[in-house]
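Engineer: Under our numbering, the first residue of the sequence shown is numbered 1, with each subsequent residue one higher.
Every residue gets a Cβ at the ideal spot worked out from N, C-alpha and C, and that includes glycine.
One structure coming up, written as structure tokens, with questions to follow.
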Amino acid sequence: MRIVIVGDGKIGHTLAETLSGEGHDVVIIDKSGEALGKSIDTLDVLCIKGSGANIPTLIEADARHADIIIATTASDETNMVCCLIAKHLGAQYAIARIRDPEYNNSLSLIKKELSIDLAVNPERTTAMEISRLLRYPFASKVEIFARGRVEMVEFRAQAGDKVVGVPLSRLSASLPQVLYCAIERFGEAIIPDGSTVIEPGDRVHVAADIPTITGFFRHLGKHELRVQSVMVLGGGRISFYLARLLTSLGMRVSVVEIDRRKAELLAEQLPEADIICGDGTDQELLVSEGIADMDAFIALTDRDEENLLTGIYAQRMGVKKVVVKINRGNYADIVASMGIDSVVTPRQITCDTLLRYVRARSNSRGTVIERMYRILDGHAEALEFIAQPDDPYIRVPLRDLAVARETLVAVIVRDGQIIVPFGDDYVEGGDFVIIITKRPGVTDLKDVLKAHGGKA
Numbered sequence: 001m002r003i004v005i006v007g008d009g010k011i012g013h014t015l016a017e018t019l020s021g022e023g024h025d026v027v028i029i030d031k032s033g034e035a036l037g038k039s040i041d042t043l044d045v046l047c048i049k050g051s052g053a054n055i056p057t058l059i060e061a062d063a064r065h066a067d068i069i070i071a072t073t074a075s076d077e078t079n080m081v082c083c084l085i086a087k088h089l090g091a092q093y094a095i096a097r098i099r100d101p102e103y104n105n106s107l108s109l110i111k112k113e114l115s116i117d118l119a120v121n122p123e124r125t126t127a128m129e130i131s132r133l134l135r136y137p138f139a140s141k142v143e144i145f146a147r148g149r150v151e152m153v154e155f156r157a158q159a160g161d162k163v164v165g166v167p168l169s170r171l172s173a174s175l176p177q178v179l180y181c182a183i184e185r186f187g188e189a190i191i192p193d194g195s196t197v198i199e200p201g202d203r204v205h206v207a208a209d210i211p212t213i214t215g216f217f218r219h220l221g222k223h224e225l226r227v228q229s230v231m232v233l234g235g236g237r238i239s240f241y242l243a244r245l246l247t248s249l250g251m252r253v254s255v256v257e258i259d260r261r262k263a264e265l266l267a268e269q270l271p272e273a274d275i276i277c278g279d280g281t282d283q284e285l286l287v288s289e290g291i292a293d294m295d296a297f298i299a300l301t302d303r304d305e306e307n308l309l310t311g312i313y314a315q316r317m318g319v320k321k322v323v324v325k326i327n328r329g330n331y332a333d334i335v336a337s338m339g340i341d342s343v344v345t346p347r348q349i350t351c352d353t354l355l356r357y358v359r360a361r362s363n364s365r366g367t368v369i370e371r372m373y374r375i376l377d378g379h380a381e382a383l384e385f386i387a388q389p390d391d392p393y394i395r396v397p398l399r400d401l402a403v404a405r406e407t408l409v410a411v412i413v414r415d416g417q418i419i420v421p422f423g424d425d426y427v428e429g430g431d432f433v434i435i436i437t438k439r440p441g442v443t444d445l446k447d448v449l450k451a452h453g454g455k456a
């Protein structure tokens, strides 16, 4: 597909790198020659200097023949205008990053009037991910599938856990039946089978319906902590969305913001939260505001180092659930080595959302991707498809299919029923099918499920 990306910032560059690597014809537009220089040097893409809201620039980028235009500049207004002009020129689909809460309530009207097919709000999406982590305070990540019916939870196995030291094939006899989807061990991603044995320190992904997965963690003794009070460091847009969401759930929320103007605005917008104007790196301030009594601490400033240091301090003060925002993806391993498992990266969350949409558009005649998450630090992907009734794998038992290497059929959802599949199970048209794979660029179930004799 021909894809035009407007904005060569962190998100734009990461998108261009991934999409060009998957074989798409990518064009990047940016006003900054310095920003484009990195892409020119490192990516196999066409770079054009100029404004994406400028008609001659879009014509030069051949936007009229673009399958998708993605506007990811720092300006919501520029992104919206880019999409409007590109669609009028002939672009098939338009995606805009729209972040300002002012636009949130009227987003449906904006999309309709400006011909925007998808609006992405990184801050709101990140806030929703953090809220899921607070439901499972022991978890590193929580992802949802099948329209909320299935959850995939990542946790770190500890010595003494019932799942440690026993082949997975034997665990179903003593624990609720979940699917063990993926394991990360010393930086290696493992797609497990029945003989796999979980070791202390492993990062384990399990999936099941909500009652089953809740019972599973209750059996492991990890479901005792409930989050009722939260301290948030930083008063940016993520904090705004998060505080509004958490207070609506009845949690007590304190937000620490050093900028007085921002703090005053938040106090107006979030009357049910406690807004504290002060320096969140000041340990005396955190102590005086009761950090030791908090159930969770969320560090959301614009500085990775500040988030990391305050997160470590919160842990030392006995806060049981700590989440830190990291802008640089290569910091994730460092953060994990310091004992902080829950890390959110808005750039990666946004890129995954956009990649899911692009892959769905590139496979409009096949089994369209409903959801996509990168897991295990990007070494594997969790993909959700809706099976098509005329696909060749339909009603063929899984044991009679050639499943692609390094791929696992994790869950099948049929008429609301959750199926953890074994060899006799099969896929029917309309099923939600969740797979875990280390293969890059999968866009169709037919890529990984084939009749024996077919190449997988």
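Cβ atoms of leucine 401 and isoleucine 191: under 8 Å apart, would you say?
Structural biologist: Counting from 1 along the sequence shown, the entry for residue 191 is found at position 191. Counting from 1 along the sequence shown, the entry for residue 401 is found at position 401. Going by C-beta atoms, isoleucine 191 is not nearer than 8 Å to leucine 401.
Engineer: Return yes when the Cβ of serine 229 is within less than 8 Å of the Cβ of arginine 244, no when it is not.
Structural biologist: Translated into the one-based positions of the sequence shown, residue 244 becomes position 244. Translated into the one-based positions of the sequence shown, residue 229 becomes position 229. No, the pair does not count as a contact, with Cβ atoms beyond the cut-off.
Engineer: Check each candidate in Gly236, Asp259, Arg260 and Leu171 and name the one with the smallest Cα separation from phenylalanine 216.
Structural biologist: Indexing the sequence shown from 1 puts residue 216 at position 216. Comparing Cα positions, the closest option is Leu171.
Engineer: Please name the residue, chosen from Thr247, Val343, Gly194 and Gln92, that lies closest to aspartate 377 on a Cα-to-Cα basis.
Structural biologist: Within the sequence shown, numbered from 1, the residue matching residue 377 stands at position 377. That would be Val343, whose Cα lies nearest to the Cα of aspartate 377.
Engineer: Kindly indicate which three-state DSSP category glutamate 17 falls into: helix, strand or coil?
Structural biologist: Here the question's residue 17 lines up with position 17 in the sequence shown. Of the three classes helix, strand and coil, the one that applies to glutamate 17 here is helix, per DSSP.
Engineer: If you drop the 5 nearest sequence neighbours on each side, which residues of the same chain put their C-beta closer than 8 Å to that of arginine 226?
Structural biologist: To locate residue 226, count along the sequence shown from 1; it is residue 226. Excluding positions up to five away in sequence, the list reads Pro137 and Asp295.
Engineer: Could you name each continuous beta strand (DSSP E) segment of 3 residues or more that falls completely within the segment 80-113, going from the start of the chain to the end?
Structural biologist: The qualifying runs are 93-97.
Engineer: Between cysteine 209 and valine 150, how many whole angstroms is the CB-CB distance? I'm expecting something under 8 Å.
Structural biologist: Residue mapping note: residue 209 aligns to position 209 of the sequence shown, counting from 1. Residue mapping note: residue 150 aligns to position 150 of the sequence shown, counting from 1. What sits at residue 209 in the sequence shown is aspartate, not cysteine. 6 Å between Cβ atoms; contact.
Engineer: Measuring CB atoms only, is the segment 70-77 touching the segment 37-50, in the sense that at least three cross pairs come out at less than 8 Å?
Structural biologist: These segments do not touch.
Engineer: In whole angstroms, what separates the C-alpha of glycine 9 from that of glutamine 269?
Structural biologist: Counted from its first residue, the sequence shown places residue 9 at position 9. Counted from its first residue, the sequence shown places residue 269 at position 269. Each residue's alpha carbon lies about 30 Å from the other.
Engineer: Cutting at 6 Å between CB atoms, please list the residues of its own chain near alanine 146, excluding the five before and the five after it.
Structural biologist: If you number the sequence shown from 1, residue 146 lands on position 146. Excluding positions up to five away in sequence, the list reads Val413 and Phe432.
Engineer: Grab me the residues of lysine 141's own chain with a C-beta within less than 6 Å of its C-beta, minus the 5 sequence neighbours each way, in chain order.
Structural biologist: As a first step, residue 141 must be located in the sequence shown, where it is residue number 141. Glu154, listed in sequence order.
Engineer: Based on the DSSP secondary-structure assignment, which residues constitute the bridge partners of cysteine 277?
Structural biologist: As a working note, residue 277 is residue 277 in the sequence shown. Per DSSP, Glu257.
Engineer: What three-state label does DSSP hand lysine 455 in the structure shown?
Structural biologist: In the sequence shown, residue 455 corresponds to position 455, counting from 1. Residue placement at lysine 455 cannot be trusted, given a pLDDT of 49 that sits under 50; what the coordinates show is reported in the next sentence. Lysine 455: coil per DSSP, three-state reduction.
Engineer: Flag this pair as yes or no: are the beta carbons of alanine 91 and arginine 135 separated by less than 8 Å?
Structural biologist: Looking up residue 91 in the sequence shown gives position 91. Looking up residue 135 in the sequence shown gives position 135. Contact: no.
Engineer: Counting C-beta neighbours from all protein chains within 10 Å, is the total for lysine 112 16 or more, i.e. buried, or is it exposed?
Structural biologist: Residue mapping note: residue 112 aligns to position 112 of the sequence shown, counting from 1. Per the 10 Å Cβ criterion, exposed.
Engineer: Classify lysine 87 as buried or exposed, calling it buried when 16 or more other Cβ atoms lie within 10 Å of its own Cβ.
Structural biologist: For this step, residue 87 is matched to residue 87 along the sequence shown. It counts as buried.
Engineer: Do you know offhand how far lysine 455's Cα is from valine 403's?
Structural biologist: Position 455 of the sequence shown, counted from the first residue, corresponds to residue 455. Position 403 of the sequence shown, counted from the first residue, corresponds to residue 403. Reliability of the predicted coordinates at lysine 455 is poor, the pLDDT of 49 falling under 50, and the value obtained from them is presented with this limitation in mind. One C-alpha to the other measures close to 9 Å.
Engineer: At the level of alpha carbons, what is the spacing between threonine 350 and glutamate 257?
Structural biologist: Here residue 350 refers to the residue found at position 350 when the sequence shown is read from its first residue. Here residue 257 refers to the residue found at position 257 when the sequence shown is read from its first residue. Approximately 25 Å, taken between the alpha carbons.
Engineer: Is DSSP giving valine 467 helix, strand or coil here?
Structural biologist: Past the boundaries of the shown model lies residue 467; the chain is included only from 1 to 456, so the question cannot be answered.
Engineer: Less than 8 Å between C-beta atoms, sequence neighbours within five positions excluded: which residues of the same chain meet that for valine 120?
Structural biologist: Position 120 of the sequence shown holds residue 120. These residues qualify, in order along the chain: Ile95, Ala96, Arg97, Ile98, Thr350, Thr353 and Leu354.
Engineer: If I follow the unbroken beta strand (DSSP E) through alanine 299, where does it start and stop?
Structural biologist: Here residue 299 is taken as the residue at index 299 of the sequence shown, counted from 1. 296-299 is the extent of the beta strand (DSSP E) around alanine 299.
Engineer: Out of Tyr393, Gly423 and Gly339, state which residue places its alpha-carbon closest to the alpha-carbon of glycine 430.
Structural biologist: In the sequence shown, counting from the first residue as 1, residue 430 sits at position 430. Cα-wise, what sits closest to glycine 430 is Tyr393.
Engineer: Give the DSSP-derived three-state secondary structure of lysine 31 in the structure shown.
Structural biologist: Residue 31 sits at position 31 when you count from the first residue of the sequence shown. Three-state DSSP puts lysine 31 in coil, outside helix and strand.
Engineer: Just the Cα atoms here: how many angstroms apart are proline 397 and leucine 449?
Structural biologist: For this step, residue 397 is matched to residue 397 along the sequence shown. For this step, residue 449 is matched to residue 449 along the sequence shown. Cα to Cα, proline 397 sits roughly 11 Å from leucine 449.
Engineer: Taking the alpha helix (DSSP H) that threonine 310 belongs to, which residues open and close that run?
Structural biologist: Looking up residue 310 in the sequence shown gives position 310. First-last of the alpha helix (DSSP H) with threonine 310: 304-316.
Engineer: Go through its chain and collect everything with a Cβ distance to alanine 410's Cβ below 7 Å, but skip five positions before and after it.
Structural biologist: Residue numbering aside, residue 410 sits at position 410 when the sequence shown is read from its first letter. Counting only Cβ-Cβ distances below 7 Å, and skipping sequence neighbours, we find Leu179, Cys181, Ala207, Ile434, Ile435 and Ile436.
Engineer: Would you tell me roughly how many angstroms separate the C-alpha atoms of glycine 318 and alanine 292, rounded to the nearest one?
Structural biologist: Locating residue 318 in the sequence shown gives position 318, counting from the first residue. Locating residue 292 in the sequence shown gives position 292, counting from the first residue. Using only the alpha carbons, I get a separation of about 6 Å.
Engineer: Tell me, which residues are paired with isoleucine 394 by DSSP?
Structural biologist: In the sequence shown, counting from the first residue as 1, residue 394 sits at position 394. According to DSSP, which records beta bridges pairwise, isoleucine 394 is partnered with Val427.
Engineer: Determine the contact status of isoleucine 11 and threonine 57, defining contact as a CB-CB distance below 8 Å.
Structural biologist: Taking the sequence shown and counting its residues from 1, one reaches residue 11 at position 11. Taking the sequence shown and counting its residues from 1, one reaches residue 57 at position 57. Not closer than 8 Å, so no.
Engineer: When the distance is taken between beta carbons, is valine 255 closer than 8 Å to proline 200?
Structural biologist: Residue numbering aside, residue 200 sits at position 200 when the sequence shown is read from its first letter. Residue numbering aside, residue 255 sits at position 255 when the sequence shown is read from its first letter. Contact flag unset, no.
Engineer: In the DSSP output, which residue or residues are listed as bridge partners for alanine 71?
Structural biologist: Along the sequence shown, read from residue 1 onward, the residue named residue 71 stands at position 71. BP columns for alanine 71 point to Val6 and Ala96.
Engineer: Please list, in chain order, all residues of the same chain as lysine 438 whose beta carbon is under 7 Å from its beta carbon, the five residues on each side excluded.
Structural biologist: Indexing the sequence shown from 1 puts residue 438 at position 438. So the list reads Ala189, Ile191, His379, Ala380 and Glu406, once near-sequence residues are dropped.
Engineer: Please report the distance separating the alpha-carbon of aspartate 41 from that of phenylalanine 422.
Structural biologist: Here the question's residue 41 lines up with position 41 in the sequence shown. Here the question's residue 422 lines up with position 422 in the sequence shown. Rounded to the nearest angstrom, the two C-alpha atoms are 48 Å apart.
Engineer: If I'm right that valine 232 touches valine 197 with Cβ under 8 Å, what's the distance once you round it to whole angstroms?
Structural biologist: As a working mapping, residue 232 is identified with position 232 in the sequence shown. As a working mapping, residue 197 is identified with position 197 in the sequence shown. Contact flag wrong, Cβ pair sits at about 39 Å.
Engineer: Can you say whether serine 239 is buried or exposed, counting buried as having 16 or more other CB atoms within 10 angstroms of its CB?
Structural biologist: Here residue 239 is taken as the residue at index 239 of the sequence shown, counted from 1. Answer is buried; the Cβ neighbour count reaches 16.
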